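Engineer: Residues 7 to 150, numbered by the numbering used here, are exactly what the sequence shown covers, in order. Cβ coordinates follow ideal geometry from the N, Cα and C atoms, glycine included. Nothing here was measured: the structure is a model prediction, and the numbers come from that model. Mind having a look at this structure? Questions to follow.
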Amino acid sequence: MKIKDCMTRRVHTVGPFATIEEAARMMADNDVGILPVANPDRLVGMISDRDIAIRGIAAGLGPDARVSAVMSDEVMYCYDDEDVEDVLANMGDIQVRRLPVVDRNKQLVGIVSLSDLADDGEQAAGEALCQIAREGGQHSQSIQ
């Protein structure tokens, strides 16, 4: 099965110069915990509710801080024509629960979460979750 068959197609994005308050409001309004950051049609990062809490509020930033100040700017993504098993293995390796999905022209076409993939590859999803849940990793949220 391909990622395009199980990804979420409706993706809300936020700009890097929006405030973290605006990003948090978008997350609340759309019941999501992560937003791709686009400038204007190029994917430049990701921001999560955890980024806002840890890198923003816990670090002393106020609601007017810019998304660019707290987002993860190392953009990890997958292609819409990749096999589910390959993406699950990659998610485990890089320790992420969600990935933006792009087409071969690198245009954002969706987002895929571990839960989107769990139904189609239960064992592979479990293995990926074990890898994702490892302590530390390149996406550690600890304040430095």
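Just the C-alpha distance for V118 and I63, rounded to the nearest angstrom, thanks.
Structural biologist: By one-based count along the sequence shown, residue 118 stands at place 112. By one-based count along the sequence shown, residue 63 stands at place 57. Looking at the two C-alpha atoms, the distance is approximately 27 Å.
Engineer: Under 9 Å between the Cβ atoms of V73 and I53?
Structural biologist: One-based indexing of the sequence shown puts residue 73 at position 67. One-based indexing of the sequence shown puts residue 53 at position 47. In this structure, I53 lies closer than 9 Å to V73 by Cβ.
Engineer: Which ranges does the alpha helix (DSSP H) cover as unbroken runs of at least 4 residues, wholly within the region 11 to 48, from first to last along the chain?
Structural biologist: Complete alpha helix (DSSP H) runs here, min 4: 26 to 36.
Engineer: Could you name the residues of the same chain whose beta carbon sits closer than 8 Å to that of D122, not counting the 5 residues immediately before and after it, in chain order?
Structural biologist: If you number the sequence shown from 1, residue 122 lands on position 116. The residues are C12, M13, T14.
Engineer: Would you grab the beta carbon distance between L114 and V17 for me? Rounded to a whole angstrom, and I think it's under 8 Å.
Structural biologist: Position 108 of the sequence shown, counted from the start, is the residue given in the question as residue 114. Position 11 of the sequence shown, counted from the start, is the residue given in the question as residue 17. Right, their Cβ atoms sit about 6 Å apart.
Engineer: What does DSSP give as the partner residue(s) for S74 in the beta ladder?
Structural biologist: Taking the sequence shown and counting its residues from 1, one reaches residue 74 at position 68. Answer is none; S74 lacks a bridge partner.
Engineer: Pairing CB atoms from the region 42 to 50 with CB atoms from the region 79 to 87, are three or more of them under 8 Å?
Structural biologist: Yes: at least three Cβ pairs fall under 8 Å.
Engineer: With H, G and I counted as helix, E and B as strand and the rest as coil, what does DSSP make of V81?
Structural biologist: On the sequence shown, residue 81 is found 75 positions in, with the first residue counted as 1. DSSP places V81 in coil when its eight states are reduced to three.
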